[in-house]
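Following: one structure in structure tokens, then a few remarks.
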Amino acid sequence: MSDVPDLRVLIVEDQALLAMELELVLSESGCEVVGCAMDRAGAFAIAARDRPDLALVDINLLDGMTGPDIARHLVKEYGSAVVFLTANPEQIPDGFAGALGAVSKPFDEATILGVVAFARHFIQHGAIGEPPRRFSPAPWLTVPPTGIAPR
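In structure tokens:
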């Protein structure tokens, strides 16, 4: 593994212990964690300063269900890839608000490493690979196999 981080990652999670665990796992996987935020204002401030490549965003935060707003902003303003983290998959917005997909809580280190690898491949190559376990890709990522017309 290179000593130079290949992805700048923003963590938007209001559970401090989970955010710290994610920061450790991401740092050990070659990512630079640019910051951790617990609400929309904190996420926007860090994003404006550091322009993350990837953001892991909880849907429900200290200031309410603002994760989808954060995702839309990060995708539109900075071209960031976003993955939702949620204990309530039914709250994932239709169309995923521009996010690549979602991971249901609780999750383990292997799941997060798989999600980061998936996002890294998408960011670096503009293509999707095999989705990792426990990851729900956004509907906009799915493409019908060659020769089959969409309905």
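Counting in this note's numbering, the sequence shown runs from 3 upward without gaps.
Where a beta carbon is used, it is the ideal one built from N, C-alpha and C, also for glycine.
Within the stretch 67-115, the complete alpha helix (DSSP H) segments of 4 residues or longer fall at 69-80, listed in chain order.
The residue from Met40, Leu19, Gly66, Gly116 with its alpha-carbon nearest to that of Gln93 is Gly66.
Shown here for Phe98: same chain residues with a beta carbon closer than 8 Å to its own, the five before and five after excluded, namely Ala73, Phe86, Ala104, Ala140, Pro141, Trp142 in chain order. Here the alpha carbons of Lys107 and Asp52 stand approximately 27 Å from one another. Remark: C-beta atoms of Val27 and Leu12 do not approach each other more closely than 8 Å.
In this structure, the CA atom of Ile48 is about 11 Å from the CA atom of Arg10. Among the bridge pairs identified by DSSP, Ile130 is matched with none. Boundaries for Asp8: no alpha helix (DSSP H) harbours it, and the DSSP string shows neither H nor E there. About 14 Å separates the beta carbons of Ala21 and Cys33, which is beyond the 8 Å limit, so they are not a contact pair. In the DSSP annotation of this structure, the continuous segment of the alpha helix (DSSP H) that includes Gly44 starts and ends at 42-52. For Ser29, the enclosing alpha helix (DSSP H) covers residues 18-30. DSSP places Leu58 inside the beta strand (DSSP E), whose first and last residues are 56-60.
By the Cβ-count criterion, Asp96 is exposed, with fewer than 16 other Cβ atoms from all chains shown falling within 10 Å of its own Cβ.
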